[in-house]
Amino acid sequence: MRSIAAAVAVASVLLAVAGGSVVTNRDDEHVLHVVAAALGPAGRSLNWDNCTRPCQDWEGVSCNANGSVVGISARGAGFNGTLLEDAHYLRELHHLDLRDNDITGPLPDVPFLNLKTLHLDCNAFTAVPAGLSAEREAASPTSTRSKPTTPPITGTLSAFLRNGTAYANLVHVSLARNRLTGPVPATFVSKKLEHLDLSDNLLTGTIDFVINFPNIKILRLDGNSFAGQLPDFQRLKKLEILLLGQNQLTGLVPPSLMQLPNLAAVTLADNLFQGPLPEFGPWVHNDVVLLLSVAAGFEFPASLAASWKGNSPCAGWMGVHCDKTGATITGINLCRHGLNGTIHPAIGGLRSLRAVLLSGNNLGGAVPATISRLADLLLLDVSDNQINGSIPRLPRGAVVWADQGNTAVALSSPPASLPTATIFFVLATFCYSLS
């Protein structure tokens, strides 16, 4: 199966008994009331209060047949309190999703014994444990990306994996867009790991550690400083997506990579490989990889997760526009979609783009230098965001709309002045709304 939908849906699916006549375990009910109170009053909108029963009435809470809490999903609920250590007393908790809130204070260093997935993206934690206890089965927070205004996580992976043991329940881990340094320890081993995202850090050393994950499906190591030769990939039979761009990898690409039966997307660009890069089979869709990297920069918004599925972006992916042949991506229009995060450098790999329309969002950081590779670009609109820095030099004739609503944006070259008819042609072609 060559489906890569799992790359878009970054949360794991938890099968559990929810609602109905299940009576909440008394101990779990007490813990939930304590934890909910500390998280803040936003829980009331989810019916989280002392007068209701968690398993029966609390939105986002899943329980098993014994009344033990196994899942909590409260993404974007508006919590602004703290996450108490008491949460680890939920002994059967498998899934905890509190991303896109404004939770403060330190991330507790406690042994969630049965936790398999933990999503804490985009909160305001003030500290992350330097090392996580040996008892914890989930070796690190599944996803701990910081808000643009929150200092990123620093330190080494060895600190997170202090004793180097194999964490039996680890399935999905994302530590993308932080400042982790040093090599990935060879003792990082997991037979259940399916999704590992270490992209956009400061990691070094070789990537020989990847052979420690025989069931890996999605592997993102792009945007680091990994060096050395690629390992033999023949053990990674389930690998579907491999992103290794923007590193310092050398040597030849091993034939075993081209022979992986489930590989659907791969990127090797911006490395130091010797010899010509190999040609992959027609089932490998690099445009899909690049677009998913762009989506990762936008923090995988739910609106894109619902639409960006399958291996054919030109077949109905929201905001993606293609030429008449339906084979070449020529435009991205995601204006006013509530996007957060930054513009990922992978956008420069979509070489046929003529229009990039991202106005009216909440994007920060700088426009990546890779956008200067878009030789056919006619219009770049990043107005009404929180963009800063200089706009890279663009092809002659390209129009840039960037000054409105951004901070200290400067152009690397004088702005072009396209004929009005040409601008309206671009806007009409890519369904850009002027309202």
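Residues -20 to -1, 1 to 415 in mature numbering (1 follows the signal peptide of the UniProt record, and there is no 0) are what the sequence shown lists, from first letter to last.
Ideal Cβ placement from N, Cα and C applies to all residues, glycine included.
Closer than 7 Å to a non-hydrogen atom of the ligand NAP - does that hold for the CB of residue i?
i	result
L343	The model on display carries no ligand, and the ligand NAP is accordingly not part of it.
Assuming residue i is part of the alpha helix (DSSP H), what are its boundary residues?
i	result
V41	No alpha helix (DSSP H) contains V41, which is instead part of the beta strand (DSSP E) from 41 to 43.
S236	235 to 238
Q36	34 to 37
Would you mind working out which of the options sits nearest residue i, comparing C-alpha positions?
i	options	result
V153	L271, G296, P88, L178	L178
A346	L358, A355, P325	P325
P86	V151, A57, S25, L19	L19
I271	N5, G299, R6, K171	The displayed chain sequence assigns Leu, not Ile, to residue 271. It is G299 whose Cα lies nearest to the Cα of L271.
Y69	N5, Q228, L137	N5
S370	E65, I351, L240	I351
V49	R24, S25, A17, N94	N94
G61	C43, S53, A22	A22
D66	L12, S25, N103, L78	L12
L240	K197, N266, L229, D82	K197
T310	I323, R33, T322, P293	P293
L237	Q228, L223, N227, D250	L223
R215	L201, N195, L232	N195
A207	L232, H75, G185	G185
N192	Q366, S287, P165	P165
So, helix, strand or coil for residue i, using DSSP?
i	result
I52	strand
Q226	coil
R373	coil
R353	helix
D82	coil
H10	helix
N94	coil
L219	coil
H317	coil
A245	strand
T145	Model confidence at T145 stands at a pLDDT of 47, short of 50, so the residue's coordinates are unreliable and nothing is read from them.
G344	strand
H301	strand
G61	coil
T129	With a pLDDT of 44 at T129, under the threshold of 50, the modelled position of that residue is not reliable, and no figure is offered here.
F253	strand
P394	Low local confidence applies: a pLDDT of 46 at P394 is under 50, so the model's placement there is unreliable, and no value is given.
P325	helix
A22	helix
F213	coil
N204	coil
Determine which residues share a DSSP beta bridge with residue i and list them.
i	result
V380	L360
L183	G162
Q366	G344
T136	T161
G231	F253
Check for me: the beta strand (DSSP E) holding residue i runs from which residue to which?
i	result
H152	152 to 154
D177	175 to 177
G311	309 to 313
Q209	207 to 209
D77	75 to 77
R200	198 to 200
V336	335 to 337
Taking only beta-carbon positions, decide if residue i is within less than 8 Å of chain D.
i	result
T161	Judged by its chain identifiers, the structure shown contains no chain D, having just a single protein chain.
Exercise. Scan the stretch 261 to 286 and note each continuous alpha helix (DSSP H) run of 4 residues or more that stays entirely inside, going in chain order.
Key: Entirely contained in the stretch 261 to 286, the alpha helix (DSSP H) runs reaching 4 residues are, in chain order, 266 to 277, 282 to 285.
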